[in-house]
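Novice: Note that the protein sequences, when read in sequence, are chains A and B. Counting with this note's numbering, you get residues 1 to 150 for the letters of the first sequence. Counting with this note's numbering, you get residues 1 to 123 for the letters of the second sequence. Beta carbons are placed, not taken as given, at the ideal position from N, Cα and C, and that holds for glycine.
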Amino acid sequence: MTGVGRVLVAVYGILALAATGRSVFQIIDHFSLAPVAFVLSAFSALIYIVATIALIAPGRVWYRVAWTTISIELAGVLVVGTITTFAPGLFGAGVGDPFGDNSTVWSTYGAGYLFIPLVLPVLGMLWLSRHKPASVAETSAAASDTAAKA
Amino acid sequence: MIEWFTTVQVFVALAAGILCLVVGIVGRPPNDLTLGAIVLVELLLVAQLVVTIVAPIVGNNPTGSLGEFYIYLISALILPVAGGFWGLIERTRWSTVVLGVVGLAIAVMTYRMGQIWFIQGTP
Chain A
1 MTGVGRVLVA VYGILALAAT GRSVFQIIDH FSLAPVAFVL SAFSALIYIV
51 ATIALIAPGR VWYRVAWTTI SIELAGVLVV GTITTFAPGL FGAGVGDPFG
101 DNSTVWSTYG AGYLFIPLVL PVLGMLWLSR HKPASVAETS AAASDTAAKA
Chain B
1 MIEWFTTVQV FVALAAGILC LVVGIVGRPP NDLTLGAIVL VELLLVAQLV
51 VTIVAPIVGN NPTGSLGEFY IYLISALILP VAGGFWGLIE RTRWSTVVLG
101 VVGLAIAVMT YRMGQIWFIQ GTP
């Protein structure tokens, strides 16, 4: 990984650290207040950690892992963002407040994290689609060749 | 926490972040200026650590959770060290941009620490 991709990895790393720190504290300190939100917090932390590693690690397996985790992130921020914005009661008290004690990285579309959780998966997907590992690029080139001949 | 010191810290981190972003986008690898700015941010964080260890002993207690506060402070202390070593090993303009991201992240985290200490209230 070179160039601007390094910056992407750095931002992912910082978000992984932020989500992990927050969820560990929430689960240790007041898990019973909003268990659904805190399990989601921990899940998002795990996803960010795996995505950060997958962006750094070479090869087509890690490339697929990166696509999978980044897709889960986008789905997560959209689904959790929508629920916490329009039906905050579902996840427990105070979950709808982006700066509140029971917030998660994905609450209200990541407003508590300057909407970075909403923008980051899109940037990640753009980066991935432009930086296919050699083996994947060959396979898709071969596939389009076959398609052209057919 | 001391309110004016925290405010100064947020603005220094913000300025250091913007400086590194600009220098990085212009195309310079990390140099004495940008690494120095991040070292200054780290020194202020260490000073903040000392202040917040002493403060509760002398009766200046946080309104919010001290545990949550320390998770932010310890995470913030790690970032300049990680970013700085990255900047020394990987000599490209993007390392300078990473230093900028670190500076901005610390500005936001310090702001959050201030909220936990002064505003949050007992959960």
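(1) If we define contact as Cβ-Cβ less than 8 Å, is Leu40 of chain B a contact residue for chain A?
(2) Can you give the Cα-Cα distance for Ile116 of chain B and Ser65 of chain B, rounded to whole angstroms?
(3) Taking Cβ to Cβ, would you say Gly100 of chain B is nearer than 8 Å to Gly17 of chain B?
(4) Check whether the Cβ atoms of Ser71 of chain A and Ala45 of chain A sit closer than 8 Å, and answer yes or no.
(5) So with Cβ pairs under 8 Å, would you call Glu3 of chain B a contact of chain A?
(6) Suppose only complete runs of 4+ residues qualify. What are the alpha helix (DSSP H) ranges in the region 2 to 36 of chain B, listed by chain order?
(7) According to DSSP, simplified to helix, strand and coil, what is Ser44 of chain A?
(8) Is the CB of Gly87 of chain B under 8 Å away from at least one CB in chain A?
(9) DSSP state of Ile49 of chain A, grouped into three classes?
(10) So Tyr111 of chain B is in the alpha helix (DSSP H); what residue range does that whole segment cover?
(11) Leaving aside the five residues before and after Val93 of chain B along the sequence, list all residues of the same chain whose C-beta is less than 7 Å from its C-beta, in chain order.
(12) Beta-carbon separation of Ile27 of chain A and Ala42 of chain A under 8 Å?
(13) Check the Cβ of Ile25 of chain B against every Cβ in chain A and list those closer than 7 Å, keeping chain order.
(14) Leu43 of chain B and Gln9 of chain B: beta carbons closer than 8 Å?
(15) Check whether chain B comes within 8 Å of Arg6 of chain A, counting only Cβ atoms and requiring the distance to be less than that.
(16) Should Tyr113 of chain A and Ala51 of chain A be called a contact, given that it needs their Cβ atoms to be closer than 8 Å?
(17) Comparing alpha-carbon positions, which option in A:Ser103, A:Met125 and A:Arg60 lies nearest His30 of chain A?
(18) Quick check: the region 49 to 63 of chain A against the region 82 to 92 of chain A, are there 3 or more CB pairs under 8 Å?
(19) Which word fits Gly110 of chain A, buried or exposed, when buried means at least 16 other C-beta atoms lie within 10 angstroms of its C-beta?
(20) Does Ile18 of chain B come within less than 8 Å of chain A when only Cβ atoms are used?
(21) Give the C-beta separation of Ala13 of chain B and Thr96 of chain B to the nearest angstrom, bearing in mind that I take them to be a contact with Cβ-Cβ under 8 Å.
(22) Suppose contacts are defined by Cβ-Cβ distances below 8 Å. Is Val80 of chain A in contact with Trp106 of chain A by that definition?
(23) Might you give, ordered along the chain, the residues of its own chain that have their beta carbon closer than 8 Å to the beta carbon of Met1 of chain B, omitting 5 neighbours on each side?
(24) For a test of the three-state rule: what should DSSP assign to Phe85 of chain B, helix, strand or coil?
Specialist: Looking at the atomic coordinates:
(1) For the purposes of this step, residue 40 of chain B is taken as the residue at position 40 of the second sequence. Chain A, which has no Cβ nearer than 8 Å to the Cβ of Leu40 of chain B, makes this no.
(2) Along the second sequence, one-based indexing puts residue 116 of chain B at 116. Along the second sequence, one-based indexing puts residue 65 of chain B at 65. Whole-angstrom Cα-Cα distance: 7 Å.
(3) Taking the first residue of the second sequence as 1, we reach residue 100 of chain B at position 100. Taking the first residue of the second sequence as 1, we reach residue 17 of chain B at position 17. Yes, the Cβ-Cβ distance between Gly100 of chain B and Gly17 of chain B is below 8 Å.
(4) Position 71 of the first sequence, counted from the start, is the residue given in the question as residue 71 of chain A. Position 45 of the first sequence, counted from the start, is the residue given in the question as residue 45 of chain A. Not a contact, by the Cβ cut-off of 8 Å.
(5) If you number the second sequence from 1, residue 3 of chain B lands on position 3. Cβ-Cβ to chain A under 8 Å: no for Glu3 of chain B.
(6) 3 to 26
(7) Numbered from 1 along the first sequence, position 44 holds the residue referred to as residue 44 of chain A. If DSSP states are grouped into helix, strand and coil, Ser44 of chain A belongs with the helices.
(8) As a position in the second sequence, residue 87 of chain B is number 87, starting the count at 1. No - not a single Cβ of chain A is within 8 Å of the one on Gly87 of chain B.
(9) Looking up residue 49 of chain A in the first sequence gives position 49. Note: Ile49 of chain A maps to helix in three-state DSSP.
(10) Along the second sequence, one-based indexing puts residue 111 of chain B at 111. Arg93 to Phe118 is the span of the alpha helix (DSSP H), which, as asked, contains Tyr111 of chain B.
(11) For this step, residue 93 of chain B is matched to residue 93 along the second sequence. It is Arg, not Val, that sits at residue 93 of chain B in the sequence shown. These residues qualify, in order along the chain: Gly24, Gly27, Arg28 and Pro29.
(12) For the purposes of this step, residue 27 of chain A is identified with residue 27 of the first sequence, where counting begins at 1. For the purposes of this step, residue 42 of chain A is identified with residue 42 of the first sequence, where counting begins at 1. Cβ atoms of Ile27 of chain A and Ala42 of chain A: closer than 8 Å.
(13) Counting from one through the second sequence, the residue named residue 25 of chain B turns up at place 25. The premise fails here: Ile25 of chain B is roughly 10 Å from chain A at the closest Cβ pair, so nothing lies under 7 Å.
(14) On the second sequence, position 43 is the one that residue 43 of chain B refers to. On the second sequence, position 9 is the one that residue 9 of chain B refers to. Not in contact: Leu43 of chain B and Gln9 of chain B (Cβ atoms no closer than 8 Å).
(15) Taking the first sequence and counting its residues from 1, one reaches residue 6 of chain A at position 6. Output row for Arg6 of chain A: interface = yes.
(16) For the purposes of this step, residue 113 of chain A is taken as residue 113 along the first sequence, with counting starting at 1. For the purposes of this step, residue 51 of chain A is taken as residue 51 along the first sequence, with counting starting at 1. No, these two residues do not count as a Cβ contact at 8 Å.
(17) Here residue 30 of chain A is taken as the residue at index 30 of the first sequence, counted from 1. It is A:Ser103.
(18) no
(19) Walking along the first sequence from the start, residue 110 of chain A turns up at place 110. The residue is buried, with at least 16 neighbouring Cβ atoms inside 10 Å.
(20) The sequence position of residue 18 of chain B within the second sequence is 18, counting from 1. No, Ile18 of chain B lies away from the interface with chain A (no Cβ there is under 8 Å from its Cβ).
(21) Start at 1 with the first residue of the second sequence, and residue 13 of chain B comes out as number 13. Start at 1 with the first residue of the second sequence, and residue 96 of chain B comes out as number 96. Not really, about 16 Å apart at Cβ, beyond 8 Å.
(22) As a working mapping, residue 80 of chain A is identified with position 80 in the first sequence. As a working mapping, residue 106 of chain A is identified with position 106 in the first sequence. A contact, by the Cβ cut-off of 8 Å.
(23) By one-based count along the second sequence, residue 1 of chain B stands at place 1. Correct list, in chain order: Gln48, Val51, Thr52, Ala55, Asn60, Pro62, Met113, Gly114, Trp117 and Phe118.
(24) In the second sequence, residue 85 of chain B corresponds to position 85, counting from 1. Three-state DSSP puts Phe85 of chain B in a helix.
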